[in-house]
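Undergrad:
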Amino acid sequence: MTTVENLRFLGRRIVNAVWRIGYASRFFIMILFYSGTSFRRFHLTIKELFSSGVMSLIIILVAGTFVGMVLGLQGYETLKRYGAESALGSLVALSLVRELGPVLAALLFASRAGSAMTAEIGLMKATEQISAMEMMAISPMARLVAPRFWAGVISMPLLSALFSAMGVFGGYVVGVVLIGVDQGSFWSQMQAGVDFQHDIVNGMIKSFVFGVAVTAIALFEGYDAPPTAEGVSGATTRTVVESSLTILFLDFILTAFMFQGGVV
Amino acid sequence: MSSQALVEIRDVNFAYDSRPILKGVNLTFPKGKVIAVMGGSGCGKTTLLQLIGGALKPSRGYVKIDGQVIHKLDHKGLYLMRRRMGMLFQFGALFTDMSVYDNVAFQMREHTDLPEEIIRDLVLMKLNAVGLRGTHHLMPAELSGGMARRVALARTVALDPKLIMYDEPFAGLDPISLSVVGNLIRSLNDALGATSVVVTHDVQESLKIVDYIYFIADGVVVAEGTPAEIRSSDKPFVHQFVHGEMDGPVPFHYPSSNYEQDLNLRPGR
C-alpha cells in the first residue's frame, strides 16, 4: 500500500471510531429517554432482573467464596510475618468491599449476563424480531432495551454486595475455622477497620457505575451487531472485551477520586 | 384499477449509498385489493415494503397512505400510522421467548386496555382463523416453518390492520402450506376489508390469489396487469418470469470478465 492509501485507511478507521462513539452516546441517551416504561411497567424490569441478576447468583456466590478463601490464606501468610494475624478480618473485608467485590463481580457479570444480553438482542435483530416490533409501532428501546438496562444497573450493586459477603464468609472459614485465628479479633478488627461511608458506600457507587457501563456496552453491541451468525458472535466477544477494559479503567479513575486521601 | 387508492407510490427513488435500487417507481394499491409485487432477487421489492412502512425514506418522490406522506410524518405520526398496518416478515419473526398465545396477544396488550379475558377470546379467534387454535401453548421453536408463518399471520392481523404487507410469504414452504398460506392471505384480506401487498417470487401461487401484479426490474416497473393479462403477456421479461426461463432479459450470468481469459485459455489451445 502507498502512503496515501495508508493515510486514507487510517483516516477511515478514525472517522468510523468517532462515528461509533457518537452512535453509542446517542444510544445511551435514547435508553434514558425511553426509561419511563421500565418503571411504569416494572414487571418488564423484574423479568429481566431475574435473567440477568438471579441467574448470575450461582457464579457470583461461588466465585465470591473462593476469592475470600484465597484472601484469607494469602492475607494470613503475609500478616503472620508482622505478627498482625488478628487484622485478617479487616484485610479481607477492606479488599473485598473496596476493590475485589465491585470489580470481580462486574467482570463476572459482563461475562455471564452481558454476553447473554448481547447475544439475545443481536439474535432478535438477525431474526427480524426487532423490525417486527418497530412495525407494530412498539418502540424496541422502551420495550426491550431500557428494561434490560435498568435490570443490569439494579442487579450489579446487589450482586457485588453478595460477592463481598460471601468473600468475608470464605475468609472467615479459612482464617478462623481452618487456621485458627481468634474469632473475636477477626470480627472486631473488621468492624473497626471498615467505614460504612468511606468503604461500603464507595464500593456500592463503583458497582453502580460498572453496572451502567457493562449493561450499556452489552446492549449497544447487541443492537449494533451485524445480523449474521458471525456478526452476533463478534458482538458478544466485543462486549466481554470492552466491558472488562472499561471496568478496569473506571476502577482506576474512581479509586483515584474516592481513596486518594488515604494514599497520597 | 378504479377503486379508491389506499397507497400511492409516486416517482420513488431510493439508493443504498451510491447503489440505486428504485429509479422512479409508480404504483397504486386500491382499497380492498390484494396486489403482488414481483421481480428478481435484489430488485428492491423488500425495500419498497420498508418505504411503505416508513423504515426507509425515499431520496425522491413519496409514498402516500390514506392521503398522508409517510416520510413527512413525525415519530408519533408514523407510529400511529403503523398501528393501522400489519407486516408478515419472511420467516415470521415470532418472538422466540414467548408462546404462540403471547405472540398473538402481544400487540393487544401493548396497544389496548382490553381485559385479559377478552384478549384470550380474540387470540383464540385469530388462531382459529389460521387453523392453529390448538397450538396456543406451544413455543415458536416447536412449530414447523408453515405453522410459524401462519402464527405470524395471526399476529399480523391481531388488531385488524387496514394495510397488510407480506414479505415473501411463500418462501421455503411445502406445497400444502404454500396453498394454505395463499388462501389465508386472500380470505383474511376479504374478511377484514383490508388492502394487501404481497412481495413474492412465487408466480403460480400469486396468480391464483391476487387482483393485480406489478413487475419490478432494474429499479422500475417493467410490467403490470391482472393475472389474466400477465398470463397472456408476450413481454419478454414477463414471459421469462412466469415460465421460469433460464435466460432472457434477466441474464443467467452475473456480469463478469471474459470467461476464456479467466481460465487462462489461449486461442487454438
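Heads up: the sequence lines are chains W and U, in that order. Counting in our numbering, the first sequence runs from 15 upward without gaps. Counting in our numbering, the second sequence runs from 2 upward without gaps. Glycine residues also receive a C-beta, built at the ideal position from the N, C-alpha and C atoms.
Could you confirm whether any beta carbon from chain W is found closer than 8 Å to the beta carbon of U/Q108?
TA: Taking Cβ atoms only, chain W reaches closer than 8 Å to U/Q108, which makes this a yes.
Undergrad: Should U/S19 be labelled buried (16 or more other beta-carbon atoms within 10 Å of its own) or exposed?
TA: exposed
Undergrad: U/A56 touches chain W at which residues, Cβ-Cβ below 9 Å?
TA: S145, E148 and M149
Undergrad: Contact criterion: CB-CB distance below 8 Å. Does U/E111 meet it with respect to chain W?
TA: Output row for U/E111: interface = yes.
Undergrad: Specify, as a first and last residue, the run of the alpha helix (DSSP H) that U/E230 falls within.
TA: P228 to R232
Undergrad: Tell me, to the nearest whole angstrom, how far the beta carbon of W/S178 is from that of W/L110; I am working on the premise that it is less than 8 Å.
TA: 4 Å
Undergrad: Report yes or no: is there a C-beta of chain W within less than 8 Å of the C-beta of U/A94?
TA: yes
Undergrad: Are the Cβ atoms of U/I22 and U/G220 separated by less than 8 Å?
TA: yes
Undergrad: Can you name, in chain order, every residue of its own chain whose Cβ lies under 7 Å from the Cβ of U/L193, other than the five neighbours on each side?
TA: V158 and D161
Undergrad: Label U/S233 either buried or exposed according to how many other C-beta atoms from any shown protein chain fall within 10 Å of its C-beta, with 16 as the threshold for buried.
TA: The C-beta of U/S233 has fewer than 16 other C-beta atoms within 10 Å across all chains shown, which makes the residue exposed.
Undergrad: Runs of 4 residues minimum, wholly inside the segment 46 to 89 of chain W: which ones carry the alpha helix (DSSP H) assignment?
TA: 50 to 54 and 56 to 66
Undergrad: Closer than 8 Å, Cβ to Cβ, to anything on chain W: give me those residues from the segment 227 to 253 of chain U, in chain order.
TA: For the segment 227 to 253 of chain U, the beta-carbon criterion of a distance under 8 Å to any beta-carbon of chain W is satisfied by none of its residues.
Undergrad: When you compare each of W/F200, W/M155, W/M138 and W/S247 to U/T97 by their alpha carbons, which one comes out closest?
TA: W/M138
Undergrad: State yes or no: is the beta carbon of U/R151 nearer than 8 Å to at least one beta carbon in chain W?
TA: no
Undergrad: Could you check what DSSP says for U/A224 in three-state terms: helix, strand or coil?
TA: Three-state result, U/A224: strand.
Undergrad: Using beta carbons (cut-off 8 Å, strictly below), is U/R187 in contact with chain W?
TA: no
Undergrad: For W/V278 and chain U, any beta-carbon pair shorter than 8 Å?
TA: At W/V278, the pLDDT of 40 sits below 50, so the modelled position is not reliable; the number obtained from the coordinates is stated separately. With 8 Å as the cut-off, W/V278 does not count as an interface residue toward chain U.
Undergrad: Note down, in chain order, each residue of its chain lying with its Cβ closer than 7 Å to the Cβ of W/M44, except the 5 sequence neighbours on either side.
TA: M155
Undergrad: Measuring CB atoms only, is the segment 166 to 184 of chain W touching the segment 209 to 222 of chain W, in the sense that at least three cross pairs come out at less than 8 Å?
TA: Result yes; three or more Cβ-Cβ pairs closer than 8 Å.
Undergrad: Are any of the Cβ atoms in chain W nearer than 8 Å to that of U/M86?
TA: yes
Undergrad: Of all Cβ atoms in chain U, is any one closer than 8 Å to the Cβ of W/E142?
TA: So, interface residue.
Undergrad: In terms of residues, what are the limits of the beta strand (DSSP E) holding U/F216?
TA: Y213 to A218
Undergrad: Do you know whose CA, among U/P250, U/D168, U/L50 and U/G146, lies nearest U/P176's CA?
TA: For U/P176, the nearest C-alpha among the options comes from U/G146.
Undergrad: Could you check whether the Cβ of W/I74 sits closer than 8 Å to any Cβ belonging to chain U?
TA: no
Undergrad: Quick one: Cα of W/G225 to Cα of W/V81, how far?
TA: Using only the alpha carbons, I get a separation of about 21 Å.
Undergrad: If I follow the unbroken alpha helix (DSSP H) through U/N190, where does it start and stop?
TA: P176 to L193
Undergrad: Give a yes or no on whether the C-beta atoms belonging to U/P237 and U/G249 are separated by under 8 Å.
TA: Between U/P237 and U/G249, the CB-CB gap stays under 8 Å.
Undergrad: How many Å lie between W/A227 and W/A120 at the Cα?
TA: 10 Å
Undergrad: For chain U, find out if any of its Cβ atoms is closer than 8 Å to the Cβ of W/I43; answer yes or no.
TA: no
Undergrad: Got a sec: which bits of the segment 202 to 222 of chain U sit with their beta carbon under 9 Å from any beta carbon on chain W, in order along the chain?
TA: none
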